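Going by UniProt numbering, the sequence shown opens with residue 1, and the numbers climb by one from there.
Below is one structure, written out as structure tokens; comments come after it.
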Amino acid sequence: MHVNCPVCFQPTSQEAEGCRPVRIVTCNHVVCHDCFERLCAMAKPCCPFRCNIVVGRPAPRLRREDGEILEISLKPAEPLEDGVAALSKYVASLSVWPSQLITP
């Protein structure tokens with residue numbers, strides 16, 4: 001399952017250059033590369049989601065430097081994958097194994 005760009009509603013993909021997801025670093029919204037380029041080419045480039053209304057200040061002008069291509073898959077994880085990933089991350093973060101805390 002692919003995640004669609006919220007601007008053009010086309011599926012994002014790591015394989016096709018124009019479809020790669022781009023994060024707008026000033027607000028963390030994600031759009032496809034083609035939409036990001038079109039937004040940057042506008043007379044007054046800004047995030048299409050009107051971020052300034054939420055934070056109560058003028059939206060920053062969008063520049064190409066404000067885009068970061070995401071190198072991750074936006075495919076939603078299955079619930080089991082989420083649990084296994086969380087457990088693996090927790091175990092990896094332990095500097096001492098729980099079994100070493102128990103005195104014989």
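Note that beta-carbon positions come from the ideal geometry of N, C-alpha and C, so glycine has one too.
Since we're looking at a predicted model, the values are computed, not measured.
Taking only runs of the beta strand (DSSP E) that begin and end inside the segment 12-51, which ones reach a length of at least 3 residues, in chain order?
Correct list: 21-24 and 30-32.
Taking the straight line between their C-alpha atoms, what separation do you get for Phe36 and Glu15?
In the sequence shown, residue 36 corresponds to position 36, counting from 1. In the sequence shown, residue 15 corresponds to position 15, counting from 1. When the Cα atoms are used, Phe36 and Glu15 turn out to be separated by approximately 17 angstroms.
Rounded to a whole number of angstroms, what is the C-alpha to C-alpha distance between Pro21 and Leu62?
As a working note, residue 21 is residue 21 in the sequence shown. As a working note, residue 62 is residue 62 in the sequence shown. The straight-line gap separating the alpha-carbon atoms of Pro21 and Leu62 is approximately 16 angstroms.
Which value, in whole angstroms, describes the spacing of the CA atoms of Glu17 and Phe9?
One-based indexing of the sequence shown puts residue 17 at position 17. One-based indexing of the sequence shown puts residue 9 at position 9. One Cα belongs to Glu17, the other to Phe9, and the distance between them is close to 16 angstroms.
Under 8 angstroms by Cβ, that's how I've got Pro48 and Val7 pegged, so tell me the actual separation to the nearest angstrom.
Position 48 of the sequence shown, counting from 1, holds the residue named residue 48. Position 7 of the sequence shown, counting from 1, holds the residue named residue 7. About 6 angstroms separates the two Cβ atoms, so the contact holds.
With respect to 7 angstroms, is the separation between the Cβ of Ala86 and the closest non-hydrogen atom of the ligand GDP below this value?
Absence of the ligand GDP is noted for the structure shown, with no ligands found whatsoever.
Do His33 and Cys19 have their beta-carbon atoms positioned less than 8 angstroms apart in this structure?
Start at 1 with the first residue of the sequence shown, and residue 19 comes out as number 19. Start at 1 with the first residue of the sequence shown, and residue 33 comes out as number 33. Result yes, Cβ atoms of Cys19 and His33 sit closer than 8 angstroms.
When we look at the beta-carbon of Val31 and count the other beta-carbons within 10 Å, is it buried (16 or more) or exposed?
Within the sequence shown, numbered from 1, the residue matching residue 31 stands at position 31. Buried is the call here.
Close-in-space but distant-in-sequence residues of the same chain around Ser88 (CB under 6 angstroms, 5 per side omitted)
Here the question's residue 88 lines up with position 88 in the sequence shown. Cβ within range, chain order: n/a, list empty.
Considering only DSSP beta bridges, list what Glu65 is partnered with.
Position 65 of the sequence shown, counted from the first residue, corresponds to residue 65. Its beta-bridge partners do not exist; DSSP assigns none.
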